[in-house]
Amino acid sequence: MTAISQLHVTTRPLWAPKAGNRVEEYEDAYWPERWLRRRGNRLRFAVADGATETSFSALWAQQWVQCYGVGGCAPTRFDDSLAQEQAQWLQTVRSKPLPWYAEEKALSGAYAALIGLELLATRDGRLLWQALALGDCCLAQVRHNELITFFPAGNTTYFTNSPYLLSSNPARNHELPSALKRREGTTAVGDTFYLMSDALAHWFLGAYEAKVQPWRAFERVTASPNARRFHAWIDDLRATHLLRNDDVTLLEIKLRKEEDEGLGSTSRP
Amino acid sequence: MPYSAEISRTNPSCFLFLIDQSGSMDDPFGAAEANRKKADLVADAINRLLQNLVIKCAKEEGIRDYFYVGVIGYGDKVKPALAGALADRELVLISEVGNTPARVEQRMKKVEDGAGGLIEQPIRFPVWFDPMAHGATPMCQALVMAHDVLSKWLAQHPDSFPPIVINITDGEATDGNPTAAATALRKLSTSDGNVLLFNICLSSKGASPIEFPEDAEGLPDEYAKLMFDLSSMLTTTMRTIAQQEGYEASEESRGFVFNADMVSVIKFLDIGTRPSNLR
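Protein chains in written order, with this note's numbering: chain A, 1 to 269; chain B, 270 to 548.
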């Protein structure tokens, strides 16, 4: 068998703001930001979810997917990444005058959940993945129509309305070392990874526990060249109370033998 | 499940505060703070409640109108008690409250420095309400007015998370026993549950604070015990969050505090993800 020296992937982000919110109020973030093909021997992907009850959390979530996406958050340098992102967030927040309530709220800091995935092609031809998670954004790995990894949630009781999250406030990250989860495994051409924010991850695990194959629904919506099918599906899940009303993000990453043609545009809601 | 309606801008809820402004509020508060009058404590309590409610709804772009807010004062008269541009209005949007305080003072606040210490930081402290103590304690009339105000609001918001009424008093009603009026108020409802009536009881006696008790044991006087009896139970979600916040809340816990504030109740409301490490 010929050793694979490079990864070939397609990524497809799909997202929707909380029902009743405007598009610009969407507080999740994802990396990469477009539907595209990528190749390389080390590729990174991320989804983050800014907490509703804090302000400037979309900015904080965006910073983290970007930080992870361009190579930050290494295990030995996570504290450096954190300090750098906190300083950048504070600088942005302080760059303009705020009314009293926004100033007071910003003192508490912004909070976000993060799931990051790195795919690696080693020199000896192995394909590996490494993931980092904090909070309730999750990763699913599907191979030959079977779920082989779900991380970091073990079951639906993992999802609460008060997860421990990454904070822009240095005084609020004391339990970070124990809250930050890392996992690694092997992958193969044909595998599909899904990164998702908490509402969708909660639905996914609930469906899986009910012996349904939730990735089949993902396959149906990502097969469509535009995002309309995804939005209609999300609307249906919300209307039937199967999906909590929250921002929703799904990032599909498919490992392919070689680059395929036929990518559409990344439709916005 | 009751008390599970989403609180959002398309389906807002309502807070109505009833403020005892009677002459007895001019008495000193407890033993520990004998230099402060109950009226000062009431003004602090309502200003902090409003401030925290505004901050809960604040985002970088402004204040999201998750709540309507009203303040009814009872003393010399029973009437809407917000000051300044909001005077005489029964209910206003939370964004109006946040954007139109009577004044904004500069105060110092201790915040964690991230290295285990505390530093003092100047903050802007909005004031909507000044201490007032004059006249009798027409609590029954205030509860009847609350009933009228909320009846109108409920007709327009039949599926909302039920309104929360917070009554701040020393408990000595002068216009009769408030039990019937309180019961009528608690009977108002939306499709999601009955109106919640919570009470903050401030006493001149130097008794220790009691928060969200499950019985009236330990309350020092008949007024406090009556206020406990008139208080609604905490909802399941409120109880869960209270326990996460470190309160010893049980299934019987009431929305009642004695010689304490009730700012924590605002934390008990679910408007979206609230990180466990947010304080």
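No residue lacks a Cβ here, since even glycine has one placed at the ideal position from N, Cα and C.
Tell me which residues share the same chain as residue i and place their Cβ nearer than 6 Å to its Cβ, disregarding the 5 neighbours each side in the sequence.
i, result
"A183 (chain A)", "In the sequence as displayed, the identity of residue 183 (chain A) is Arg instead of Ala. Excluding residues within five positions, the ones whose Cβ falls inside 6 Å are A131 and F151."
"M496 (chain B)", "G440, N468 and C470"
"I276 (chain B)", "S282, Y335, F430 and I540"
"L119 (chain A)", "L7, L43 and W129"
"R143 (chain A)", "D191"
"W233 (chain A)", "V221"
"R333 (chain B)", "R278 and C326"
"K181 (chain A)", "A133 and P152"
"G367 (chain B)", "V323 and I332"
"N280 (chain B)", "S429"
"T443 (chain B)", "A405 and T406"
Would you report the Cα separation of residue i and residue j, rounded to the nearest angstrom?
i, j, result
"E491 (chain B)", "G462 (chain B)", "29 Å"
"V80 (chain A)", "L43 (chain A)", "The sequence shown places Asp at residue 80 (chain A), rather than the Val named in the question. Answer to the nearest angstrom: the Cα atoms are 21 Å apart."
"S477 (chain B)", "N528 (chain B)", "7 Å"
"W272 (chain A)", "A46 (chain A)", "This structure does not reach residue 272 (chain A), given that chain A is present from 1 up to 269, and the question cannot be answered."
"D198 (chain A)", "K254 (chain A)", "21 Å"
"A217 (chain A)", "Q63 (chain A)", "30 Å"
"T249 (chain A)", "W35 (chain A)", "13 Å"
"I510 (chain B)", "L499 (chain B)", "23 Å"
"L547 (chain B)", "L165 (chain A)", "9 Å"
"L538 (chain B)", "P407 (chain B)", "30 Å"
"G331 (chain B)", "A352 (chain B)", "22 Å"
"R174 (chain A)", "M196 (chain A)", "Just to set this straight, residue 174 (chain A) is His in the shown sequence, not Arg. Straight-line Cα distance between these residues: approximately 26 Å."
"D236 (chain A)", "G524 (chain B)", "37 Å"
"D296 (chain B)", "E85 (chain A)", "51 Å"
"R126 (chain A)", "F193 (chain A)", "17 Å"
"A384 (chain B)", "L147 (chain A)", "43 Å"
"T448 (chain B)", "I341 (chain B)", "18 Å"
"E374 (chain B)", "P395 (chain B)", "6 Å"
"E103 (chain A)", "W215 (chain A)", "42 Å"
"W422 (chain B)", "R455 (chain B)", "15 Å"
"G154 (chain A)", "D399 (chain B)", "52 Å"
"E365 (chain B)", "R278 (chain B)", "14 Å"
"H231 (chain A)", "A16 (chain A)", "7 Å"
"A65 (chain A)", "G71 (chain A)", "The question names Ala, but residue 65 (chain A) in the sequence shown is Val. So the alpha carbons of these two residues sit roughly 10 Å apart."
"I433 (chain B)", "L139 (chain A)", "40 Å"
"A112 (chain A)", "R229 (chain A)", "28 Å"
"D428 (chain B)", "E219 (chain A)", "36 Å"
"R12 (chain A)", "T187 (chain A)", "19 Å"
"F481 (chain B)", "N41 (chain A)", "58 Å"
"T52 (chain A)", "S162 (chain A)", "11 Å"
"P489 (chain B)", "G339 (chain B)", "30 Å"
"H416 (chain B)", "F284 (chain B)", "13 Å"
"P99 (chain A)", "K328 (chain B)", "11 Å"
"P269 (chain A)", "S5 (chain A)", "Low per-residue confidence applies at P269 (chain A): pLDDT is 38, beneath 50, and the placement is therefore not dependable enough to give any value."
Any heavy atom of the ligand NAD within a distance shorter than 8 Å of the CB on residue i?
i, result
"W215 (chain A)", "Ligands displayed in this structure: none; no statement on the ligand NAD is therefore possible."
Pop quiz: residue i and residue j are said to be a contact at Cβ under 8 Å. What is the actual Cβ separation, rounded to whole angstroms?
i, j, result
"S472 (chain B)", "P431 (chain B)", "About 29 Å separates the two Cβ atoms, so there is no contact after all."
"S55 (chain A)", "K105 (chain A)", "5 Å"
"A356 (chain B)", "W397 (chain B)", "About 10 Å separates the two Cβ atoms, so there is no contact after all."
"D530 (chain B)", "A314 (chain B)", "5 Å"
"A465 (chain B)", "A451 (chain B)", "According to the sequence displayed, residue 465 (chain B) carries Leu and not Ala. About 12 Å; that fails the 8 Å criterion."
"E209 (chain A)", "T156 (chain A)", "6 Å"
"D503 (chain B)", "A518 (chain B)", "Going by the sequence as given, residue 503 (chain B) is Leu instead of Asp. Contact holds; Cβ gap of about 6 Å."
"A19 (chain A)", "R238 (chain A)", "6 Å"
Excluding the 5 residues flanking residue i on each side, which residues of the same chain have their C-beta closer than 7 Å to its C-beta?
i, result
"L242 (chain A)", "W203"
"P271 (chain B)", "D461 and G462"
"R393 (chain B)", "V373 and Q375"
"H403 (chain B)", "Q290, G292, G344 and D345"
Leaving out five residues on either side along the sequence, give the residues of the same chain with a beta carbon under 8 Å from the beta carbon of residue i.
i, result
"T505 (chain B)", "M270 and Y272"
Exercise. Which runs of the beta strand (DSSP E) fall wholly inside the segment 294-376 of chain B and span at least 3 residues, in chain order?
Worked result: 336-343 and 347-349
For this session: Spell out a yes or no on whether the segment 305-324 of chain B and the segment 526-544 of chain B are touching, meaning 3 or more CB-CB pairs, one atom from each, closer than 8 Å.
Result: yes
For this session: Just list the beta strand (DSSP E) runs in the segment 32-74 of chain A, keeping only unbroken ones of 3 residues or longer that don't cross its boundaries, in chain order.
Result: 36-40 and 42-50
Exercise. Contact between the segment 46-57 of chain A and the segment 126-142 of chain A: three or more CB pairs below 8 Å?
Worked result: yes
For this session: State whether the segment 435-449 of chain B contacts the segment 377-389 of chain B, with contact taken as three or more CB pairs (one from each stretch) at a distance under 8 Å.
Result: no
Exercise. Are the segment 278-296 of chain B and the segment 399-418 of chain B touching, with three or more C-beta to C-beta distances below 8 Å?
Worked result: yes
For this session: May I have a chain-ordered list of the beta strand (DSSP E) segments no shorter than 3 residues that lie completely inside the segment 434-515 of chain B?
Result: 465-470
For this session: Go through the segment 104-171 of chain A residue by residue and report every complete run of the alpha helix (DSSP H) that reaches 4 residues or more, in order.
Result: none
For this session: Go through the segment 193-220 of chain A residue by residue and report every complete run of the alpha helix (DSSP H) that reaches 4 residues or more, in order.
Result: 198-209
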